[in-house]
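Take a look at the structure set out below.
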Amino acid sequence: MRPFFHPRTINGPFGDPGLYISFLFEKRAVLFDLGDIYSLPPKDILKISHAFVSHTHMDHFSGFDRLLRLFLGRNKDLYIYGPEGFLKNIEGKLAGYSWNLVENYEHNLTIHATQVEPERLVTKTYRCRNRFAPDPETVINHFDGTLHEEPALAISAIILDHGIPCLGFSMKERFHVNILKDNVASLGLEIGPWLREFKEALFNGLDPDSEFEIQTDINNTSGRKFILGELSEKIALITPGQKITYIVDVPFGKPNPDKIIEFANNSDHLYIEASFLDKDRELAEKKFHLTAMQAGYIAAKAKVKQYTIFHFSPRYIDSEEFLLREAREEYEKGRRQESRHTDWRTFGRSKELTE
Ligand SMILES: [Zn+2]
Ligand SMILES: [Zn+2]
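Residues 1485 to 1839 in this note's numbering are what the sequence shown spells out, letter by letter.
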């Protein structure tokens, strides 16, 4: 199976945190956090359609200027999300420059910024040609955990406590469509752009009895017709969708761990900060961060398939392996306990059945 989401951390574990997620076969990407992004090539930055900012401490937000610099003068819509106070922060950034010449720009950059509050999403729009003055209309939507939805995926957030509200993010593919290439060939078809339309038809929940036409030449003059459901049975294998979760800058105190464990449940990959070693737990608490042991504990409890720890304090620059080991030992311990628990439950059930 070729995954749809391709996540990669932007910097090393001691650099500013951030996750760049590109999409298979699409010139498009999503960004979690916006600190130092100079290590991302401009061509990759230009693919970003949605950026999600956990909180506006500098190491998570200073890259906004870089993004703006590259997007300026292009016909582009940028959707950006952040916690309470975010619109004020965005407006402060935009107010830091002079915009007297932008009316003449041929292309218009539009920024759609959304502030995530406990009950609502507050969105304002800023247009380059308007010198980034906000549009008069502010859009308010109810917040039920979801920030953004498309037929194929959804991106959700939780509000955590970092002394200030700090958002955790999760991106989930609704389901994964694996194309069985041999079966495509056996129908006399070739891999082509029609596969994208085929996947879209599945994600859009089109009637399985409806007709699906595949253009078989580049001029779109001749095609072959199939029943969508029958075609799907022949050429596609549907498996659970991918889930990527991103958590930074949270202390272990209640209610953060329980909220994160529930939110990150069954993620394919959890990216989680681990700024300190557990021997420095008091310092971690004081600075509102996790220790590696706590990150490993959360990863195990959330039953994630894979995790990455990052956002290490510079004090461990020569002892990175201790952080990695501490998280790994705690994760493995948690997973072992979990599987023993499962064995016992399974045993209990089979015993009931035989009695
Ligand atoms: Zn912070
Ligand atoms: Zn930070």
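Yeah, the Cβ is synthetic: ideal placement off N, Cα and C, and Gly gets one too.
Inset, instruction - In the DSSP assignment, find the beta strand (DSSP E) that holds ALA1535 and state where it starts and stops. - result: 1532-1536
Legend entry - For TYR1563 and PHE1831, the rounded distance between their alpha carbons: In this prediction, PHE1831 scores a pLDDT of 49, lower than 50, which makes its location untrustworthy; the coordinate-derived value is nonetheless stated afterwards. Rounded to the nearest angstrom, the two C-alpha atoms are 50 Å apart.
Inset, instruction - Starting from ALA1786, follow its DSSP beta bridges and name the residues at the other end. - result: Paired residue(s): none; ALA1786 is not in a bridge.
Legend entry - Buried or exposed (CB count within 10 angstroms, at least 16 for buried), TYR1581: exposed
Inset, instruction - Determine the direct distance from the alpha carbon of ARG1708 to that of TYR1565, and round the result to whole angstroms. - result: Taking the straight line from one Cα to the other gives about 43 Å.
Inset, instruction - Using only the heavy atoms of ligand 1, determine whether one of them is closer than 8 Å to the beta carbon of CYS1650. - result: yes
Inset, instruction - Could you check if THR1598 is buried or exposed, using at least 16 other CB atoms within 10 Å of its CB as the buried criterion? - result: THR1598 should be labelled buried.
Legend entry - Check your reading: residues with Cβ closer than 5 Å to ligand 2 heavy atoms: ASP1543, ASP1733
Inset, instruction - Give the straight-line distance between the Cα atoms of ASN1614 and PRO1487, rounded to the nearest whole angstrom. - result: 40 Å
Inset, instruction - To the nearest angstrom, report how far apart LEU1774 and SER1706 are at their CA atoms. - result: 60 Å
Inset, instruction - Look at the Cβ atom of GLY1502, then the Cβ atom of PHE1489, and state whether they are nearer than 9 Å. - result: No; because the gap between Cβ atoms is not below 9 Å, this pair is not in contact.
Inset, instruction - Return yes when the C-beta of PHE1772 is under 8 Å from any heavy atom of ligand 1, and no when it is not. - result: Yes, since a heavy atom of ligand 1 falls inside the 8 Å radius drawn around the Cβ of PHE1772.
Legend entry - Contact check, ALA1779 vs ILE1801, beta carbons under 9 Å: no
Inset, instruction - Please report how far the alpha carbon of PHE1760 lies from the alpha carbon of GLU1813, in whole angstroms. - result: 15 Å
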